[in-house]
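So the sequence shown is numbered by our numbering: it starts at 342 and just counts up by one.
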Amino acid sequence: MDGIRLDGRIALVTGAAGVIGTETMRLLAARGACIVAVDRDAEALKRAVTGLPAHAEPLAVVADVTREEDVAGYVKLALGKFSRVDIFFNNAGIEGDIRPIVEASVENFRRVLEVNVVGVFLGLKHVLPVMLKQNSGSVINTASIAGLIGSAELAAYSASKHAVIGLTKSAALECAGSHVRVNCICPGMIDSRMLSAIMVGRNKGQPVAPDRVVDRIPARRLGLAAEVAPIVAFLASDDASYVSGSAYTVDGGRTSS
Ligand SMILES: NC(=O)c1ccc[n+]([C@@H]2O[C@H](COP(=O)([O-])OP(=O)(O)OC[C@H]3O[C@@H](n4cnc5c(N)ncnc54)[C@H](O)[C@@H]3O)[C@@H](O)[C@H]2O)c1
């Protein structure tokens, strides 16, 4: 396949059974990487790794990113099989309930922060020592444009994604002087289960006319997971050797104004 090559790189992907995780994992594998795929959904994970090329030597690990023992476990299994981690796509996340703050539960708020912030933090906590010891590696956290601007009826999600950007920049600073880079991506409206759930949730359970959504996007269409994956591949690669602490929008221009 044309494009950036990642031959022999070891890529650890969380949320690997989701739309963005699966698409990215497949692209990294197509570009030559070996894959450690992590998700809490065992069945969906099995389906996601099916069809990966043999050279990817896929290792599927069922784990909950909010549990430190699970996180330590997936890193240990990755090292046990491949002895290193070159690329960490720290991507698992949930949208939570779609409700205004005044109607939202504190349980939902805590749960969203637990997965989207604590999960990302634990991934960094356990993968960065491996990369710092290697003196090489690239972490790509998944934030969102909801980490750059507010999002009505998604306050917990938006707060969590703002936190992911803060974690990314802080981790990049803590890797100063090494060849370890930490960046994040901020996808916009990606055609996906998560986006549909948010749109329908905001519309009181009713389907939403596509025009209402895309009118505010300069590209005048939803994005595809296949348009997010190449940005991750770029950040993972040596072509991004001078890129760290950045938040890359992949949003068709949605946050331009
Ligand atoms: N879809 C979008 O439009 C969009 C836009 C911006 C950002 N994002 C972010 O991209 C990431 C991936 O989203 P997606 O659209 O692929 O969603 P998705 O729901 O399809 O995938 C998320 C995956 O994460 C897994 N997961 C959730 N909680 C977990 C946990 N505690 N431990 C382990 N795995 C867990 C789920 O099982 C699922 O497979 C998320 O962080 C999301 O917030 C998505």
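For each residue, glycine too, the CB sits at the ideal point set by N, CA and C.
It should be emphasised that the depicted structure is a prediction, and the values quoted were computed from it without experimental measurement.
- Task: Output the boundary residues of the beta strand (DSSP E) element that contains L353.
- Result: I351 to T355
- Relative to the alpha-carbon of I539, which residue among G414, D438 and A352 has its alpha-carbon at the smallest distance? D438
- Task: Please look up how many angstroms separate the CB atoms of A404 and R381, rounded, as I've assumed it's under 8 Å.
- Result: 7 Å
- Query: Do L508 and ligand 1 come close, with the Cβ less than 7 Å from some heavy atom?
  - Reply: no
- Chain-order list of residues whose beta-carbon lies under 7 Å from that of G491 (same chain, five-residue window excluded): S499
- Message: Please give me, in chain order, every unbroken run of the alpha helix (DSSP H) with length at least 4 that falls completely inside the region 361–406.
- Response: Taking 4 residues as the minimum length, the alpha helix (DSSP H) runs contained wholly in the region 361–406 are 383–390, in order along the chain.
- Between which two residues does the beta strand (DSSP E) containing V459 stretch? Counting along the chain, V459 sits inside no beta strand (DSSP E), nor does DSSP assign it H or E at all.
- Message: Check for me: the beta strand (DSSP E) holding T590 runs from which residue to which?
- Response: A588 to V591
- State the DSSP-derived secondary structure class of T483, mapped to helix, strand or coil. DSSP places T483 in the strand class (E or B) of the three-state scheme.
- Query: So is Y583 buried or exposed if we call it buried at 16+ other beta carbons inside 10 Å?
  - Reply: exposed
- Message: Just to confirm the assignment, what range does the alpha helix (DSSP H) spanning N432 have?
- Response: Note, N432: premise wrong, no alpha helix (DSSP H); not H, not E.
- Item | Where the alpha helix (DSSP H) containing R561 begins and where it ends | It is not in any alpha helix (DSSP H) - R561 carries neither H nor E in the DSSP assignment.
- Task: Take V447 as the anchor and find which of G359, L495 and V591 has the nearest alpha-carbon.
- Result: It is L495 whose Cα lies nearest to the Cα of V447.
- Item | Cβ-based neighbour list, I465, same chain, cut-off 6 Å, excluding 5 preceding and 5 following | Checking the sequence shown, residue 465 turns out to be Leu, not Ile. So the qualifying residues of the chain are A512.
- Task: Let me know if V443 comes out buried or exposed under the rule of 16 or more other beta-carbons within 10 Å of its beta-carbon.
- Result: By the neighbour-count rule (16 or more Cβ atoms within 10 Å), V443 is not buried but exposed.
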